[in-house]
Amino acid sequence: MDWYPAPDETTLVRTPIRFATGYAHPVLGSRWFRDTERRDIQAELPGWPAGPEYTLHSRTTQQVDKVAGGFLSGVVTAVQLAVEAVVGGNSAGKGDGPSRATPQDPPNESEDFPVLWAAPGTLARTVPWQLDPARRPERYRVDAVVTERRLLLLGVGGDMTAPAEVLWESARDVIAEARPLPFSDGGHDLRLTFTDGSWVRLATGDATKLVGFLTDRRRPVPAAGLTPGQQDRLARFRTELPADAEDPQVFQLPSGVFLVEAKVPAKRGKGLYETHTILMGEAGEPARPQPGDL
238 MDWYPAPDET TLVRTPIRFA TGYAHPVLGS RWFRDTERRD IQAELPGWPA
288 GPEYTLHSRT TQQVDKVAGG FLSGVVTAVQ LAVEAVVGGN SAGKGDGPSR
338 ATPQDPPNES EDFPVLWAAP GTLARTVPWQ LDPARRPERY RVDAVVTERR
388 LLLLGVGGDM TAPAEVLWES ARDVIAEARP LPFSDGGHDL RLTFTDGSWV
438 RLATGDATKL VGFLTDRRRP VPAAGLTPGQ QDRLARFRTE LPADAEDPQV
488 FQLPSGVFLV EAKVPAKRGK GLYETHTILM GEAGEPARPQ PGDL
């Protein structure tokens, strides 16, 4: 899965990503690809293989789904709480935002569930079909990579020694808006809206964090750019971390506060991490985040 940025750019985040899946009972397990007239356009997308055809669940099916979904939701919630406890509570869907129990956009979340909304010739029509879990091969995933100037989608196959394939990329400035969507399974959905008005609805492990990078809430700061006081605090932070921690990363938030973040492999599950963080000011002193920082 090796992929490396250009010598003059930095990888800010890399995370698995896919098209989202319907969460409300009428659209449960479904996804559609629409133009601005709400027509299905998946057959028009160049190079896309055939995929499943979805229909809204009938009232009878919805009642069955509601019973099964209620039980499953309880299981998912329990698992989600356990994961949040392991990773330090950084999952999306928490806090004082809208509840994920209520659709925020019924025409696109419970009455229909488009994951691609695009007029002819717009950018959303160019995203790769491998984002669709129903189309891509088994043991294949897509990773989103954000650098300070690009968003890339990489294809990763079953052979972990093979290079990742660049499926799609665009400059950051074509993304007009990136925002998390609370009404989703686990709060993992986000919407990327491009400057031409087209958009895609995607799902990832930490939608809020990915959105934060895409909206420039976190500006990476090299260690050489820190003040002596900040470098001293960073050195002390390193001594406080477990031996298997990844090297800390430093970011400046919109208010000017500095966030230092280090990932530590969790003992409770492979691929899970605890995130250790501190906030500091210009001299390395403790600081508080301000509205809009996190």
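Taking our numbering, the leading residue of the sequence shown gets 238, the next gets one more, and so forth. For every residue, glycine included, the Cβ atom is placed at its ideal position computed from N, Cα and C. The structure displayed is predicted, hence computed values, not measured ones.
- An exposed status is given to T398, since fewer than 16 other beta-carbon atoms sit within 10 Å of its beta-carbon.
- In the DSSP secondary-structure assignment, W354 is bridged to R271 and W436.
- With a minimum length of 3 residues, the unbroken runs of beta strand (DSSP E) contained wholly in the segment 376 to 433 fall at 378 to 384, 387 to 393, 402 to 408, 412 to 418 and 426 to 431.
- The Cβ-Cβ distance between V383 and L451 falls below 8 Å.
- Counting along the chain, no alpha helix (DSSP H) covers V494, and no H or E run does either.
- One thing to note: R438 has its Cβ within 8 Å of the Cβ of L418.
- Counting along the chain, no alpha helix (DSSP H) covers T514; the unbroken beta strand (DSSP E) around it starts and ends at Y510 to M517.
- When DSSP reads this structure, E346 sits in no beta bridge, so it has no partner.
- Looking at D245, R428 and D380, the one whose alpha-carbon comes closest to that of E406 is D380.
- For I278, no pairing in a beta bridge is given by DSSP.
- As far as DSSP is concerned, V264 takes part in no beta bridge.
- Ranking A371, T258 and D239 by CA distance to the CA of G288 puts A371 first.
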